[in-house]
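Residues -32 to -1, 1 to 1081 (mature numbering (1 follows the signal peptide of the UniProt record, and there is no 0)) are what the sequence shown spells out, left to right.
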Amino acid sequence: MSGKTNRLISGALAILMVLLSAFGVMPQPAQAAVSEWVQVSATDSGAASFQGITYDGNQFVAVGIGDYGSSYIGTSADGYSWTRASAPNGFFQSVAYGNGVHVAVGSAIAASTDGKTYNAVGTDLSNTVSYLYSIVYGKERFVAVGWGGAIVTSTDGIHWSVVPSGTSNHMYGVTFGNGQFVAVGDSGTVLTSADGLAWTVVESQNVGFSSTMISVTHGNGYYVAVGSTDANMGAILTSADGIHWTAVSTPDVLGFVTYGEGRFVAVGPLNGVILMSTDGLNWTTTNTWANPFKAVAAANNEIIAVTEDYSFIRILDAAFKGLSVNYSGGTRAVSPTISSDTYDYNVSVTSADPSITLTAVFAPAPASVKMSVYDANNNKRIDSVSLASGQPSMLIPLENGYTRIELDTSQKGITHPKRTITVYRPAVDSMNADLAGLTVGSGTLSPAFSPGRQNYSVTANQPLSSLSITPTAIVPNASISVNGKSVASGQTATVDLAPGTNLIPVTVTATDGTSQKTYVLSVSGKTNNASLAGLSVSPGTLSPGFASDVHAYTVALNYGDTSLAVTPTLSNSQATLTLNGTAAANQGTVTLQPPVGISVVPIVVTAEDGKTTETYSLIVNRAGPSNNAALSGLTVSGGNIVFSPETRSYSFDVANTVSSMDITAAVADTGASLSIAGTSQLSGSSRTVQLAFGSTVIPIRVVAADGLTERTYLLTVNRAPLSNQAKLEQLTVNQGTLTPGFSPDTAAYSLKVAHSLSSISLTPASAPGNSVTVANVLYNGQSAGVPVQLSVGTNIIPVMITAADGITTNTYVVVVERAAPSGNALLNRIEASSGTLSPEFTPENSIYNVNVPYDTTSLTVSPVTQDVGAAITSIGKMTGAEAARPIPLGTGVTVIPIVVTAQDQVHKQTYVLIVNREGQSLQAAPVLTADSNGNDIASAIVLTFTDNEAWRSSITAVKVGTTELASGDYSITAGKITIRAGVLGIGNHAITIAATGYTDAAVTQSVAAAGLPYRIDEPQVTVTGLSATVAAAIYPLQESTNVPVTVVFQLMDGTVPLQMVAVKTKIQGSQEAAAQFNLPAAKNYTVKVMIWDDLQHQVSQATQQTKAIIVTP
């Protein structure tokens, strides 16, 4: 553990101390301190930082960090002055003493046999244990816990070994008490161990706390641990057994707890708080200091809490054990009863007592006790004279009235409250022997007390074993005796009660010494019945049968009876009992584990009076182990055995499909052990044994409870050999029918299927254990069979069976003929959504007429092929899925071709529907006049007509050829239809105006070029690999000289532009332009060649050429 730096350890401790806090209710601060603390500087000790402290029976021992980061171990008899011991390098966190050896732990382990010189030990643990936080000595061994759940142990403090803890959580504290070790740490982890070697992790639900527990101690029958929660609160946890814990809380984070001098003491590592408790449950905050505490020890009538720089010492007020007031004739009674927690006392003397001596007993005896005496007027008569514990004081003169005596145990700067004895001396003795008051601790006086009444009874809810009585005399210094024993006025006396009625005299003697008065109390005592009313056992029977006055019984048990339940019943439920030395409940069942042979179980009953006892003896005779090694039953799966315990050999046959057998055997004697096929088995449970082919001998061995007698039963199982049968039981196909029909003895079959069937599935069936392959694919029992792909023509499919013996084989063959694709491209029928085909449809006739009314604007055509493999290639201009859409019909004749492609993709057939849509009775449209003024491509085209508002408002479309213009391309006003410039290209255009209820108005409009006209010859294309060169010759259509133009070459993939090359040139006569393209892939492209008129800044629409580019892969 050497080599760990102080900085690392200090950092780890800083994390540890910040993680402190807990649950609910803060212990209330004391209202008045009964002692004080003194702060002592640790400068002279040589310690720069105290970290741990303990008491070894003679002195305090502290550990920590010395000057300049060195190690520190020091000793002190009183906590005031410290002597530094010689210690090896290291940061020491905790120290313990046992078997004459001091051991300090932290980043290293150091041990000392003289308390002066410490040597490094356990250095071989440095690779496995990084840091130890706490150490304790118990059961003749040291145990230390630390980082990562580390636990190390040593019997001599010199030689150390690591033991498993069962946790990887850091463990910060360990203690020993009530015969076991208890360790605490991170995440509410609690470990327990009876010997310090084998550790058990306490279940978290029993702890009920999941945060950090830092320190633990044991005292007053309780384990007490302190720690923190993540909410920066403190926690105090208590447990009577180390397993089941109860948490109380405090807002003060607590880092260390100890037990000593009859109290628990806990200190805080953050705010310097000090808490104390006598029972571990109820806590009092005694002080809060600015200095955070590291550790605390309580011993030698002192409590020493250490910080990094100081030790805070609290010298406890010595326990007040006795006080006697003596006069010339004897001793005067003092009241109340002497107690360490009582500081004021009273005593009365007679007028004949002029002086007294005082004897006070303290334990342990303080270094000094000062006695001062004051008269009734508070004048000091004796000033601070020394008084030795247990020794009579000097003679103290008394005046008439009250004399106050003060005893002061303060020392070394620590102040304790003074104990005061007030002595009353009357001026004249009295003859008054009356009581002013008489009270009892239990029950009620009947009748109520009156000084003149002398006889009383005490009424209680149940009989009493003792009674406390407090008499108070009218005259304070009168003498009182209770049941013959002297007691001071106002003081309590306790009287033990006998069973039945008790008469208790309370006698008062007046101060004159002769006048007396006796009061008598009648009290019922507890019974002395210590007998049993019943006693039962299970198993077994008492002999003789139970009777209360019989005190000895026997019970006989079998060897297999490993436990005995005993249930005693008390005659008096108020009595108590022990069974086999352990307290037991009335009518409660106690389970014993009797040994083989005779054992005696004492049952001791203690009567209600707590004194009378009776002992009953239960003599248990448990028989020895049996020598019975027989079976009581034997069964097997898949077989029938006629079993007899005396028959030891059995044999039977099973089929070859039986690969294993379940064997169930039961022993005749429950104490016997059983094995099947060499493996231990519980009686009555089943064991599975694997079977080979042929004979398998299975031994079933029984060993009697005595461990000597044994018996073996033999079970011979004959498994039949594997079958050599290699025939199919059935063979089916999912399409068509086998020829001939299947027979196990027929090996060859044929099957014809249509071309459309590209695969079939074969499903074979054979005997269990056989394996079958179809077309070399193993059949695994799937219900869908084995799929086989089919080629066109002959397909030979082998079906091979391998028998269960793995040797014998048999092959079946299925020959499948798959037809070639059909060349039939004929239709079976044509269905039209309107009208009737004429003539009536026949597959051989290809042309039909269909007449439809005017209101039929579209027609859906549904052709059906004769061959299912044929396909409808197109209907009209629509192909694929579009062919099913309605075909729009214009007025008049619409020709609809239907193309059918046969399955072989070679033969085709075209059918034609000539659809005649009836015309509508229409009004004549106005006559349109073409634009002949400025009708070039750069100008708007204005068509004129004699205005007809009805016709004009009914216009539905303006068409150029078959193309309908967009609404933004034209406008309609009175007598005019204006077409936007550039909409019509150069050339002649057939323009049609459609209007609802009118015939179409038509006109031919010519459009001239706006600039110079050009002509482009058909482009020439040269393809090399994926490179294409396009050349085009350009001619002017009228005289021109050096007219600048740009020839644009655009490569298209269908309608998608891919690349564009612009070539600038000047036209003078004919001119050639060329461009080169890198093609993306081998496929068909088109190239468009256009001329840009640089003067008009537009494309000359009349000069465009398109050429296909065919690239062969």
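We treat Cβ as the ideally placed atom computed from N, Cα and C, and that holds for glycine.
DSSP state of L602 mapped onto helix, strand, coil: Taken through DSSP and simplified to helix, strand or coil, L602 comes out as strand.
Helix, strand or coil at L994 [DSSP, three-state]: Coil.
Cβ-Cβ distance between V184 and Y190 below 8 Å: No, these two residues do not count as a Cβ contact at 8 Å.
Where T1080 falls, given that 16 or more other Cβ within 10 Å makes a residue buried: T1080 is classed as exposed because its beta carbon has fewer than 16 other beta carbons within 10 Å across all chains shown.
Beta-carbon gap between A203 and A215 smaller than 8 Å: It is a contact, given that the beta carbons lie within the stated cut-off.
Cβ-based neighbour list, I211, same chain, cut-off 7 Å, excluding 5 preceding and 5 following: Answer for I211: T160, V170, N174, listed in chain order.
Residue range of the beta strand (DSSP E) that includes S956: Residue 956 is actually Asn in this sequence, not Ser. Here the beta strand (DSSP E) through N956 covers 955 to 963.
Residues that E374 bridges to, as DSSP identifies them: The partner list for E374 (beta bridge, DSSP) reads S340, T388.
Own chain residues within Cβ distance below 7 Å of A752, not counting five before or after: Within its own chain, the residues whose Cβ lies closer than 7 Å to the Cβ of A752, once the five positions on either side in sequence are excluded, are S729, listed in chain order.
8 Å Cβ cutoff met for N685 and V622: Residue identity differs from the one stated: residue 685 is Val in this sequence, not Asn. Yes, they are a contact pair.
Local conformation of L706 per DSSP, three classes: Here L706 sits in coil by DSSP.
Backbone secondary structure at E678 - three-state DSSP: In the three-state scheme derived from DSSP, where H, G and I count as helix and E and B as strand, E678 is classed as strand.
Cutoff 7 Å; reference R853; Cβ partners in own chain excluding five residues on either side: If we look at R853 and ignore the five residues flanking it on each side, its Cβ neighbours are M846.
S172 - DSSP class collapsed to helix/strand/coil: DSSP, read as helix, strand or coil, puts S172 in helix.
Cross-strand partners of T862 (DSSP beta bridge): Under DSSP, the beta-bridge partners assigned to T862 are V883.
Three-state secondary structure assigned by DSSP to L93: When secondary structure is reduced to three states using DSSP, L93 falls in the helix class.
Inter-residue CB distance, V573 and S499 (contact presumed, cutoff 8 Å): That belief holds up - the Cβ atoms of V573 and S499 are roughly 7 Å apart, short of 8 Å.
Environment of G749 [buried if 16+ CB atoms lie within 10 Å]: Exposed, by the Cβ-count rule.
Reduced DSSP category for D985 - H, G, I as helix; E, B as strand; rest coil: For D985, the three-state secondary structure derived from DSSP is coil.
Identity of the residues DSSP links to R669 by a beta bridge: Partner(s): S643, T680.
A694 (DSSP reduced to helix, strand or coil): Three-state result, A694: coil.
Buried or exposed by the 16-neighbour rule on C-beta atoms within 10 Å, applied to V491: The residue is buried, with at least 16 neighbouring Cβ atoms inside 10 Å.
Neighbour-count burial assignment, Y822, 16 or more Cβ in a 10 Å radius: Taking all protein chains shown into account, Y822 has fewer than 16 neighbouring C-beta atoms within 10 Å of its C-beta and is therefore exposed.
Meets three-Cβ-pair contact criterion under 8 Å: the segment 496 to 515 and the segment 415 to 427: With fewer than three CB-CB distances shorter than 8 Å, the segment 496 to 515 does not count as touching the segment 415 to 427.
Of the listed residues N87, A72, D154, nearest to V120 (C-alpha basis): The shortest C-alpha separation from V120 is found at A72.
Beta carbon of F110 nearer than 8 Å to that of G83: For the pair F110 and G83, the CB atoms are not nearer than the 8 Å cut-off.
When M139, T967, S974, I947 are compared against N956, the one with the closest alpha-carbon: N956 has its Cα closest to that of S974, out of M139, T967, S974, I947.
Unbroken beta strand (DSSP E) run spanning residue 1083, endpoints: Missing from the structure shown is residue 1083; the chain here goes from -32 to 1081 and no further.
The segment 908 to 915 contacting the segment 939 to 954, beta-carbon criterion three pairs below 8 Å: Flag = yes, the segment 908 to 915 and the segment 939 to 954 touch.
N796 vs V832 beta-carbon contact at 8 Å: Yes, these two residues count as a Cβ contact at 8 Å.
Burial state of S801 (16 or more Cβ within 10 Å): An exposed status is given to S801, since fewer than 16 other beta-carbon atoms sit within 10 Å of its beta-carbon.
Candidates K720, A1043, V396, A273: closest to Q1018 by CA position: Nearest C-alpha to Q1018 among K720, A1043, V396, A273: A1043.
With 16 other Cβ atoms within 10 Å as the buried cut-off, status of S726: Exposed: under 16 other Cβ atoms inside 10 Å.
Residue environment, R421, which counts as buried when at least 16 other CB atoms sit within 10 Å: Counting the other Cβ atoms within 10 Å of the Cβ of R421 gives fewer than 16, which makes it exposed.
Spatial distance of G(-9) from N95 (CA atoms): Its pLDDT being 27, under 50, G(-9) is placed unreliably in this model, and the coordinates cannot settle the point.
Through-space distance from Q19 to N132, alpha-carbon basis: Residue 132 is actually Pro in this sequence, not Asn. Between P132 and Q19, the C-alpha separation is close to 27 Å.
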